[in-house]
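Novice: Numbering (the numbering used here), first residue to last: 2 to 135.
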Amino acid sequence: MTTPSAAAAADDAAALAKLRDDANVVRPLVPLQRCVEAYAAPARIDGFYSAAVNARTTAEKRTRLATMPPYLAVFVNRFYVGDGWVPKKLDVLLDVPLELDLEWLRGTGARDDEQLLPDGDADGGGDNDADADA
2 MTTPSAAAAA
12 DDAAALAKLR
22 DDANVVRPLV
32 PLQRCVEAYA
42 APARIDGFYS
52 AAVNARTTAE
62 KRTRLATMPP
72 YLAVFVNRFY
82 VGDGWVPKKL
92 DVLLDVPLEL
102 DLEWLRGTGA
112 RDDEQLLPDG
122 DADGGGDNDA
132 DADA
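#1: Taking the alpha carbon of Leu-117 as the point to measure from, which residue in Leu-91, Glu-61, Asp-96 has its own alpha carbon closest?
#2: Check whether the stretch 22–37 and the stretch 87–101 are in contact - that is, three or more C-beta pairs closer than 8 angstroms.
#3: Let me know the secondary structure DSSP gives Ala-42 once reduced to three states.
#4: Nearest-angstrom Cα distance between Pro-29 and Glu-115?
#5: Where does Asp-84 sit, in a helix, a strand or coil, going by DSSP?
#6: Quick check: the stretch 86–94 against the stretch 44–54, are there 3 or more CB pairs under 8 angstroms?
#7: Between Ser-51 and the rest of its own chain, which residues show a CB-CB distance below 8 angstroms, the 5 nearest in sequence each way excluded?
#8: Measure the alpha-carbon distance for Asp-102 versus Val-75 and round it to whole angstroms.
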């Protein structure tokens, strides 16, 4: 029978051996600023239903902050979906600064080159396939 202290020692020894093995692995260092930039980058949306033209079209989405929070909680997702829809872990280190300037991410309203959608239904209107049979 294994005592709790012997089991804990075995777990500690296994963890220590893993740390020694991990010390020889070279991992890329990714700055958190890069992750925020990727999150806030414009994203193309194909098949977007526009109430302005009453048809499906291509739209561009931008993520901005309306107000600046005193504290920002960040969930770092280091997983991606690989071949065959198998989740895989990104083996990288994340460089997190004590302070992060997000002023460039502050929203300032509509830009000159943006066309706002008209006010309409809360669901965005359009022909919803789920409602087609109703």
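Just so you know, even glycine gets a beta-carbon here, dropped at the ideal spot from N, CA and C.
Specialist: Inspection of the coordinates gives the following:
#1: Checking every option, the nearest Cα to that of Leu-117 belongs to Glu-61.
#2: yes
#3: Residue state, collapsed to three classes: coil.
#4: 37 angstroms
#5: helix
#6: no
#7: Arg-57, Thr-58, Ala-60, Leu-118
#8: 14 angstroms
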